[in-house]
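Chains as they are written, first to last, in the numbering used here: chain X, 772 to 1264; chain S, 92 to 723. Quick reminder that beta carbons are idealized off the backbone N, C-alpha and C, glycines included.
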C-alpha cells in the first residue's frame, strides 16, 4: 500500500503539474512540489522500514505482474532518489530556469522522481523497462526546454542526442528483456534471479547478457557509449543535472545488477572481461579528458564517466565484494555528484559560464563557504578516505584484484592496476580545479566578487556535504544494508 | 586505554575546530586542549602498554568475501611513537598560537593540524591495512592543505600541488600492494596478512627433514608464492618511498617548505614522512623474508641518505637545509628496516623515528623563531639570528648535536642502534646490509658537517644582527621541553619500550670518530666563514634547485600525461562521438529517403514500404519464434 502511494504521489502531482496545473503560479507550484517531494521521502522511509510491497496481476496474458517492493539492493537507491527529489524541488528556490512555465518544470522533476522510484522498486522485468522509459520524456523536457538558453541549437541537439541515444539503448535493452522473459518463461525478477535465468542454456544466456549489458551500458554510461552525457550535463539546468547524475545513471548500474548479473550469471561471466576493460578504460579516459577540459560542468560529467567506470569494474569482478563495492560507489557517486552539480550550477548562475580559462577571483578569498564545499566535493571526488568516494573505489580495486573464480584473473588484474592509476589522475584533475577556482591571489578591491552561498542553497549544500561525510565515516551503514541481498545474488548457482 | 580515544580526540578536535574557526580564541582553546588531552591519553597508553600486542576491535565492514575488521593495536613501540606524535602535535599547536597569531586563517590551520595528527595516530595504531590507507591518504590531503596554507602565494600553491601529486602517484603502488597483500589473506587484518604471507619455516624444515624436496615441502606447507610476495612488497615500498620523499620521489619535500614553519615541523618531525617507517615496521616480519623488497628499499635509502645529506650541506636556505636533512634522516630510519636481520625486528628504525621527531621538531620550531626575528630563512638573513637569545641558542645547539648523531644525546643513541642492527644484518649478509652500512657511515659524517654549518651560521657573531624577538612563556616552555627531551630522551632505551640490543662501547667510539671527521671538515674555513662557501661554492646553486629534478618530473611525467590527455580529448570528440553524429546523419538520410519514397509514385513507394515491412516482420517473427520455442 505504502509503496503504491510512494509511486503514485509524485507521479500524480507531477503529471497534474505538467498538464492541468500548467499555468499554476510559481508561489503555489514551488511549495506544492517541495511538499510532495518531502512526503515522498517520508513514504520512502516508511516503505523501507516496513519492507512494504504490492503484487497484483496486471497483464495476465503476458504474465506481467504489477509488482513493486524493496530489498537490500534497492533500499539505498530508493532513499537516495527520494532525498534527491527533495533537493531538486527545493533548489527551485535557488534557480528557476526560463524556457516554460515553472509548473511544468517542477512537474517534470516529480515525474522523473516517480519513474526512478518505480524503476528501483519494480520486481518485474517488463515493469522495470516501462518505468525506465517513463523517465526519458520528462528528462528530455528538462534538458530541451529548460536547458542553458544561450546556444539554442546546442540545447536542442543535446536534448535530442540524450533522448535518441538512450532510446537506442532502451531498444537493445527491450530486446534483451523480451528474450530473457520469453526464454525463461517468467518476468518476475525474483524468480529470474532465483534460478529461472541461470537455468537457461549458455547460448541464450550469452545473447541475453549481451543485449542487456549493451543496452544498460548506454544508460550508465560505460565507455565508449558515454558521449551523450557531457552535452546533456552542460545543457541541463542544475536540477536536471543533479537528477541525471544522482538518479538516472544509478538506474543503469542498478539495472546491471538486477538484470544481467543476477539473472544470467553465466552469460555475464563471459562478457565480464570486456565489461571490466570498458570500465577501466573509462576510468582513465574520463580522468584524462578532465585534465584538459575547460568547461567545469563538462568536467564533472567526464569525472562521472570515470566514477561509473569503478562501478562497472567492480560488477565485472563477479565477487560479492565487487557487488558491495559497486553498490556503495553507486550511491556515493550519487551524493557527491549531486553536491558538485548544485555547486557548479550555482557558479554558472553567478558567473554566466563556468569556463576554467577565464580568470576569476579565487573562491577561497571571496566566498569561503562556497570554496569550502567545493574543496570537500573535489576531495570526495578524488577518493579521499573519510568521504563518500573512497570505500567504493578501494573495494572496487580489491574486487578486481581478487575476482570470482570464473573470471580471467590476468585481465582483471590489469584492470585493477589501470583503475589505481585512474585514482591518481582523479587527484590531478580535482586539484587542477581547486588550483584554478578555489586558491588564488588576494583579489583586487574593485574586482567583481562572487557572492557567497546563503539561504536555500547553503542548506542544500550543507545537507549534501553532511551526506558525503557520513557515508565516508560510517560506510558500514550502507554496506550492512546491502550485504544480505548481495549474498543472495552472489550465492546463486 | 583504548587507542580509539587517542585517534578520535584530534579528529573530533578538527571537526569542532572547523566549526569555530572564525573565532581565534575558541579555536586556540580547542586545538591546544585536544592536543593536551590526546598527549595525556597517549602517555597513559604507553604506561599501561603490555609487552604483548593488544588488539582493540573496530567496527568492521561487511564487504562480501573480504574480511575488514578495522581493528587497532597497541604495543609498547607503537604506544611510544603515538606519544611522541601527540607531543610534537601539541608543541606545534602551542607554537602556532604565537606564530600564526596574525594569520586570518589560523582556525582552519589549527583544525587541519588536528586532523593531520589524528590521521598519523591512526596509522600508528592501525592493525588493518585499509585503516592504514585511510590514515595515509588523509595525511596526504592535510599536507596539501598545510603546505598550501598561504594559498595567496603562487609558490605555495605549486608546492602543495606537487606534494600531493608526487605522493599520490606513489600511492598507486602503495594501494595496489596492500590490496594484493589483503587479497592473499582474504582479510585486511594485519595479523592475518602477516600469517598468510609468512614463510612457514618450521613446517618446511619438518617436511624436508621427512624427506620431501624443497618444492614439495613448499606445496605441502601451502607456502605463499615468494615472487608474488616480492612484487607486492616492492609496491608497498614504492608507496613508502613516495610519502617519505626518498629517491626518486625526493623533490616534493624541500618545496613543501612553502608551508608555515609549524606545519613543516609537524610534517617532518612526527607525521607524514615518518609514517612509512611505521607501516613497514608493521609489515617487517614479511618484509624481512623478501630480499627483493629489501634490496629495492636498501638501494633507494642508501642513495637518498647520502644525496640528501650532501644537498643539505650546500643549501643557501636553512629551512630547506632542514628539509633535506629530514629526507636523509628518514632514509636512516628506513635503512634500519632494510638492513636489519629478521630476529632483530624493526624497533631500531622506530627508535630513530622517535628520536628524530623530538630533535627535528625542536630544530624547526627554533628556526621558525630565528626566522621571525630575521625576516626570512635564507642564510644571508638568518646569520647570527640565534646568537643573542640564550634559550634559542641552546635549542639550536642541542638540536644540531642530536642531528649530527653525537653519542648520548637522543639522536646519537638512536643512530648508534641503527648502525648496530644494520651491522648485524650486513654480517648475516642476506640483504643490502653492507651497502646500507657504508652509506650510513658516510652519511653520518656529512650530517655532522652540515649540522656544524647550521650551528655556525645561526650563532655567528655579526654586527647589527636582527632585533631579538621574545615568544610568550608557553612557547618557550614548549621549546624547553623539547630541548630537555632532546638531551635526555636517549634514556628511553632503558625502559625496554623498543626491543633493541644494547650497544657496545665500540659503536660509541666509532660514531664519535665519524662525527668528528665531519665536524673537522666543516671547520676547515674556521669559525667565521660559511663552510658551504669554503667547500662547495659552485655547488650551492645546483643544490638549491635540488639537482633540477623538478624539471625531470615535468618532462618525464607531467608533459607526456598532458599530451596524452589532449589526444584523448580529441579522440573523444572527433572519433568516439563521430559515430553518434553519424547516426544522426544516417537517421536524417533515412527519413529523407522515406519521405521521398512516400511522395513518389505508387509502385516504387509500395515496393519500398513492403520491403521494409517484410524485414521488420521477419525480424519480429524470428524473435517470437525463438521465444515461443523456449517457452514451450
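Who are the Cβ neighbours of residue i in its own chain at under 6 angstroms, not counting the five residues just before and after it?
| i | result |
| --- | --- |
| residue 278(S) | 158 |
| residue 800(X) | 873, 874 and 877 |
| residue 985(X) | 943 |
Check whether chain X comes within 7 angstroms of residue i, counting only Cβ atoms and requiring the distance to be less than that.
| i | result |
| --- | --- |
| residue 730(S) | Residue 730(S) lies beyond the stretch modelled for chain S, which goes from 92 to 723, so this question has no answer here. |
| residue 349(S) | no |
| residue 687(S) | no |
| residue 722(S) | Note that residue 722(S) scores a pLDDT of 47, beneath 50, so its modelled location is shaky and nothing firm can be said. |
| residue 242(S) | yes |
| residue 747(S) | Since the first and last residues shown for chain S are 92 and 723, residue 747(S) lies out of range. |
| residue 329(S) | no |
| residue 225(S) | yes |
| residue 74(S) | The requested residue 74(S) is not part of the displayed model; chain S covers only 92 to 723. |
| residue 680(S) | no |
| residue 284(S) | no |
| residue 228(S) | yes |
| residue 106(S) | no |
| residue 274(S) | yes |
| residue 332(S) | no |
Please decide whether residue i counts as near chain S, where near means a Cβ-Cβ distance under 7 angstroms.
| i | result |
| --- | --- |
| residue 1172(X) | yes |
| residue 1264(X) | Residue placement at residue 1264(X) is poorly supported in this model, since its pLDDT is 35, which falls under 50; the coordinates are not used for a value here. |
| residue 1138(X) | no |
| residue 1254(X) | yes |
| residue 1251(X) | yes |
| residue 1054(X) | no |
| residue 1024(X) | no |
| residue 1156(X) | yes |
| residue 1168(X) | yes |
| residue 1206(X) | yes |
| residue 1202(X) | yes |
| residue 772(X) | no |
| residue 1213(X) | yes |
| residue 984(X) | no |
Name, in chain order, the residues that DSSP records as bridge partners for residue i.
| i | result |
| --- | --- |
| residue 824(X) | 840(X) |
| residue 217(S) | 163(S) |
| residue 153(S) | 158(S) |
| residue 835(X) | 830(X) |
| residue 967(X) | DSSP lists no partner for residue 967(X). |
| residue 146(S) | 164(S) |
| residue 469(S) | 408(S) |
Leaving aside the five residues before and after residue i along the sequence, list all residues of the same chain whose C-beta is less than 8 angstroms from its C-beta, in chain order.
| i | result |
| --- | --- |
| residue 1263(X) | Summary for residue 1263(X): the model assigns pLDDT 44, below 50, so the residue's position carries little reliability, and this model does not support an answer. |
| residue 46(S) | An answer regarding residue 46(S) cannot be provided, because it is not within the stretch 92 to 723 covered by chain S. |
| residue 1125(X) | 1066, 1067, 1068, 1115, 1118 and 1119 |
| residue 1180(X) | 1174 |
Residues of chain A with CB closer than 8 angstroms to the CB of residue i, please, in chain order.
| i | result |
| --- | --- |
| residue 988(X) | Structure shown: chain A not included; protein chains present are X and S. |
Apart from the five residues just before and just after residue i, which ones in its own chain have a Cβ nearer than 7 angstroms to its Cβ?
| i | result |
| --- | --- |
| residue 719(S) | Caution is warranted here: a pLDDT of 49 is assigned to residue 719(S), below 50, making its placement in the model unreliable, and no coordinate value can be reported. |
| residue 330(S) | 261, 262, 264, 265 and 268 |
| residue 770(S) | Outside the shown range of chain S, which is 92 to 723, sits residue 770(S), and nothing can be said about it. |
Chain X contacts from the segment 140–160 of chain S (Cβ-Cβ distance under 8 angstroms):
150, 151, 152, 153, 154, 155, 156 and 157
Note down, one range per segment and in chain order, each alpha helix (DSSP H) of at least 4 residues found wholly within the segment 990–1044 of chain X.
1000–1006, 1009–1014 and 1020–1027
Chain-ordered residues of the segment 659–673 of chain S with a beta carbon less than 7 angstroms from chain X:
659, 660, 663, 667, 668 and 671
As an exercise, report each continuous alpha helix (DSSP H) stretch of at least 4 residues that is fully enclosed by the segment 260–339 of chain S, in chain order.
281–288, 292–300, 305–311 and 317–334
Selection of the segment 244–260 of chain S by Cβ proximity to chain X, strictly under 7 angstroms:
248, 252, 255, 256, 259 and 260
Select from the segment 466–477 of chain S all residues with a C-beta closer than 9 angstroms to any C-beta belonging to chain X, and list them in chain order.
none
Taking beta-carbon pairs under 7 angstroms, can you tell me which members of the segment 907–926 of chain X lie near chain S?
none
What alpha helix (DSSP H) runs, 4 residues minimum, are completely inside the segment 1122–1170 of chain X?
1134–1137 and 1139–1152
Along the segment 1062–1096 of chain X, where does the CB come closer than 8 angstroms to a CB of chain S? Name the residues.
1062, 1063, 1064, 1090, 1091, 1092, 1093, 1094, 1095 and 1096
Residues of the segment 195–223 of chain S in Cβ contact with chain X at a cutoff of 8 angstroms, in chain order, please.
221
When Cβ atoms are compared, which residues of the segment 1233–1252 of chain X fall closer than 7 angstroms to chain S?
1246, 1247, 1250 and 1251
Ignoring anything shorter than 4 residues, give me the alpha helix (DSSP H) runs that lie fully in the segment 517–563 of chain S, in order along the chain.
524–550
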